[in-house]
Structures are given as C-alpha cells and as structure tokens.
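In what follows, a single structure is set out as structure tokens and then discussed.
Protein chains in written order, with the numbering used here: chain X, 1 to 296; chain L, 297 to 592.
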C-alpha cells in the first residue's frame, strides 16, 4: 500500500479533510464546524490531533493543509507567495508544523497600482481544477463571501482579484434599508427574478446606483416580495461579472459548491460566456499535486 | 406685514422648520429629532401643532412641507410627480392637509430601463439651489445616505439617479469584515487618505473589487488605522463619482451640509470638475418659490 495523503482545507468558518490514495482517489472525508475562528491560539495541534490523529498516525502519512490555517490568526503563519507562481513554488514554501509530516500551503499575493490582494486556499483549488480539466491556462472564478478571479498562464497564477460579492449580498440582505421590504427567509430560487437582477447590473454603471432598484421595484410592486432575494442575488453576481468586463466569447472555469456555481453558470450563460465547473474535489487534487512535487 | 410662510423639511429621521418673510429671509428656525419614523400613524397633526402651532396660527400663514412626510408612512401620501417637471407642476399637485393653510409637496419619480427611481424633499432643494445660483439648468448632487444626482434643463427636472453611498459607507464601516481593522471612532479627517480612496475607486471597475483594498492596505500596514475611515470615505465617494462618468470640464452643483459637501468638493476637484455649493437655505428657497406660485 502506498503512503496516505491527508488533504485538509482549514478555512475561517469550516474545516474539511480527506484521506487520499496515491492515485488521488478519496478514501474517506470528514467535515467539522471548526474554522480557525473557533480555535484559540496555541490549540491548533490539539484540535488537529483530536480530529485527524488516527489518519496522520499511519506510516509515512503526509498531511498538507490549505487555507486560513496559514494566516496570522491560524496555526502557523505561512508567508504569502508572490505572483506569478505555480504549484511547484508553493511546494518549496510550505510552512512545516511537524517536519516531514504536516505542512501548511502558503497563500498568494499580488499587487496592482500599489494595492495588494491576497488569497489563502483558493490557489490550491485553482491548480487542482485546471489539472482536473487538463488545461494549464484560463480564467478561474471561485465564488463566495470574497470571490476570487484568478488568471493562469502556463500553469502559473499571474494575478487575481477579490470581489466582496457574498459579503455585499449579506450586508444588503440583513442590514440595509433593502431588508425592510425583503422577506425574512430567502425561500426558493426564482430564475426570472435572478436574471432580471443580472440584466439590471449589467446595464448599470455600478452597485451604488443599481442597488436602489431593489427598493424601488419593491415600492412599485414590480418584483413580488418572495422573488426579491433572487433579484438581489442576481444583482450582486451580475455586478461582479460587469466589473470583470468579460467578452461574450470568453471562457471561465467556475470552482465551488453547486449551490453557488449553478447561479454563476446561469449568469455567465446570459452573457454568452462559456463555463466549466469543478466541485470540491479541486482542492484535494491541488494538494495531491503539491504532495507529489515534494515526494519525488 | 406680509403673510408668513412656514417652510418645513420633514424627513425620515429629522424635522426642521423655518418662518420666512415675503422676501425669503429666515426670521426663525427650529429643528427637532422627530423624523417620521418617530411619529405613530394618526399623530402627525398633533406633533405638528405642538411644534409649530404658534407659527401657523398667524393670520394668512401658509405652511409647505417637503420630504418623507408625504410618503406612505407619513402624514398624508402625496403621489410622486413624474419627470420631467418644474416647481410649477409641484405647486399644482400639493397634498393639502388643511386646505389653504398646510400642504405637502409631492416627491418626484422617474424611470429608466423599466426601473423606477424616487425622491422626496430633494426636488424642492434642487429648485431652490438653482434659483439661489441664478441658473435654470445643470447637474445637481445632494449627498447623503441615499445621494441624488439630478439633471435640470430649462428649470425642469428631467431625470435623476439614487446612489446609496452613505448607506454603503455605514454598512462597510459597521457590519463588514473591514470593520475588524477600522478604529472604533472615525476620528479626524485625513485628506491624503481620502484622496487615495478616491483615486483607487476611480481606477477600479467597481465597488465589489475596490472595497477589498481597505482590508489589504490595512493588512500590509499601508494605511495607518487612524486614516482608514477617511480612506473608506474617499473610496465610496470616489465610486459614486466614477459611476457618474463625469467629464473633467463638467460643472456640478452640490447641495447639503458642509460636513459632506466639503468632501464632495474635494473629490470633484481631484477630477478637475468645478463645483458650486449651496447649503440648507436651498430647501427654504425652494418652498418659498412654490408658495409664490400658489399665492399669485
């Protein structure tokens, strides 16, 4: 039996792990609501041992951890790897917490016009997603609270941009004047209302103006209350795409859970943009490729 | 002695009134924290009588009220006056609560691409501001929680747009991840940080992307914590101006209180846009002109 790889995605609010065989097949998966915000400083080894100790005790087991566990508030700080960089560079900059056995993959940074941008965990998913698709260049989006748009050329990440789309949705949904006319629960997804939100965002110059449409369409009874969450979702995702200025013949790789990627695929299709989607296995594949680099 | 005009601005969160002579000079002013949200349905006459009863009891006194008092949640609903319209049209559509003595000025509505926009109170300030400046056309901005950009031609409002700038500032300031690195209090204004925020917004494609700079500049120690509120203020005001796509030789009238108009003047100047500023007297002047229309 070949040695196990323990692949871990330790984010801000969740912790997931998988035990992989040498071909990258998932033998077992675990998920816990133990994001780094729930772990007091100094207790990362104990939490990790409690949840994954049986896996890591196997002979020659190697554990690679991606995500916010490498941030200042995490287990050990893994300094950002500057763009451009590929998976091989990440492998040379691992932050070992247990040399030869447990390491944290560094996040990446880039800079544009004197303003930095950062990510932790998404870089690993990007490399894994492209490998799964058998390509080494393209535009990859990882939707979420802070969506990442990543440009890859010849297998290396050249630059990326963060869009605070999911967070803006939550702010407007919960804390803004728009919350007054929105229903308490999001309810089922309404495709037509979502499409209308995307379309309005695309013809607007920006979110400060387009967001007010949620209120006025409600005031004038043009969008039924039950459909307003879908309209707002379309509006912020449409704004994210507008800010990217995608061409109609562009091609985008969407990485993430289906609940979000389905919406992005739908919005991209309405712009004539082709999309390939890769699910959660992207992260495991990325960690496996980094593991191969250091084992050879 | 000519008959008094009682001019009232009854908004969501505040109530202001002025007694004017026939030349429009302010004889006396009053302000109360009694916005319409503090007034239970049915109690508007009693609150008004308590706070302005002595003024309105004068012989031939006329009271005109602008603002959210004319909304569904206000004293009496004054249906929106559709664009384009001038002060004369507003005067013919007053909602009288005490015929011949107390009336509410209607708000205005417009529509673009099937999406309505609305304002209540700002229309009166726009007409007053242009009259005070002796002009009958131009672009007028009224900064605030929901900024209004109003285009006037030949003395009539042709269309307008709402930008939720002040509300987005508050949402990001108080409820977003950015709040984690911002100081508890805004503290003094820092011009350089404000200018940097304006500049970053102007070269960004939109707010979903540019907002993350507040976090990364903090993470990398590029903007000292005490200056971050000014940077964020510049970022959202800069985004508001970016969405307007103003030309460098444009001319804008800014209407409002100095605490905000100074920032808009500064941001506009950095784009090469000329600005004239009019203060709170714009609303009183607008109401006086409507009063003249109905008294002749």
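From the three backbone atoms N, C-alpha and C, an ideal C-beta is built for every residue, glycine too.
If you're wondering where the values come from, they're calculated on a predicted model, not measured in any experiment.
Asked	Found
Entirely enclosed beta strand (DSSP E) segments - the stretch 75 to 111 of chain X, minimum 3 residues	95 to 98, 102 to 104
Three or more C-beta pairs below 8 Å linking the stretch 8 to 16 of chain X and the stretch 24 to 41 of chain X	yes
Distance CB(residue 386 of chain L)-CB(residue 587 of chain L) smaller than 8 Å	no
Delimiting residues of the beta strand (DSSP E) encompassing residue 453 of chain L	452 to 459
Three-state secondary structure assigned by DSSP to residue 547 of chain L	strand
Neighbour-count burial assignment, residue 153 of chain X, 16 or more Cβ in a 10 Å radius	exposed
C-beta contact flag for residue 211 of chain X and residue 498 of chain L at 8 Å	no
Where residue 570 of chain L sits in the DSSP three-state scheme	strand
DSSP state of residue 583 of chain L mapped onto helix, strand, coil	helix
Residue 51 of chain X vs residue 103 of chain X beta-carbon contact at 8 Å	no
Contacts that residue 397 of chain L makes with chain X (C-beta to C-beta distance below 8 Å)	None at all; the shortest Cβ gap to chain X is about 30 Å.
Beta-ladder partner(s) of residue 593 of chain L, from DSSP	The displayed coordinates of chain L run from 297 to 592. Any statement about residue 593 of chain L would go beyond what the structure contains.
CB contact flag (residue 447 of chain L, residue 435 of chain L, <8 Å)	yes
Paired residues, beta bridge with residue 114 of chain X - DSSP	According to DSSP, which records beta bridges pairwise, residue 114 of chain X is partnered with nothing at all.
Within chain X, the residues that residue 499 of chain L reaches when beta carbons sit closer than 7 Å	113
Close beta carbons around residue 244 of chain X, own chain, < 7 Å, minus the five adjacent residues each side	149
Cross-strand partners of residue 119 of chain X (DSSP beta bridge)	X:108
Closest residue to residue 93 of chain X among X:70, X:235, X:254 (Cα-Cα distance)	X:70
Status (buried if at least 16 other CB within 10 Å, exposed otherwise) for residue 297 of chain L	Confidence is the limiting factor: at residue 297 of chain L the pLDDT is only 45, short of 50, which leaves the residue's position unreliable and the question unanswerable from this model.
Start and end residues, alpha helix (DSSP H) containing residue 31 of chain X	Not the alpha helix (DSSP H): residue 31 of chain X falls in the beta strand (DSSP E), residues 26 to 32.
Local Cβ density within 10 Å of residue 356 of chain L, reported as buried at 16 or more and exposed below that	exposed
Reference residue 274 of chain X; option with closest CA among X:251, X:262, X:287	X:251
Alpha-carbon to alpha-carbon, residue 503 of chain L and residue 293 of chain X	39 Å
Three-state secondary structure (DSSP) of residue 226 of chain X	helix
For residue 9 of chain X, the residue or residues it bridges with in DSSP	X:16, X:66
Selection from X:20, X:235, X:248, X:238 that minimises the alpha carbon distance to residue 56 of chain X	X:20
Counted within 10 angstroms of its Cβ, other Cβ atoms place residue 297 of chain X as buried (16 or more) or exposed	There is no way to answer for residue 297 of chain X, as the model of chain X reaches only from 1 to 296.
Start-to-end residues for the alpha helix (DSSP H) that takes in residue 502 of chain L	It is not in any alpha helix (DSSP H) - residue 502 of chain L carries neither H nor E in the DSSP assignment.
Any C-beta of chain X under 8 Å from that of residue 496 of chain L	yes
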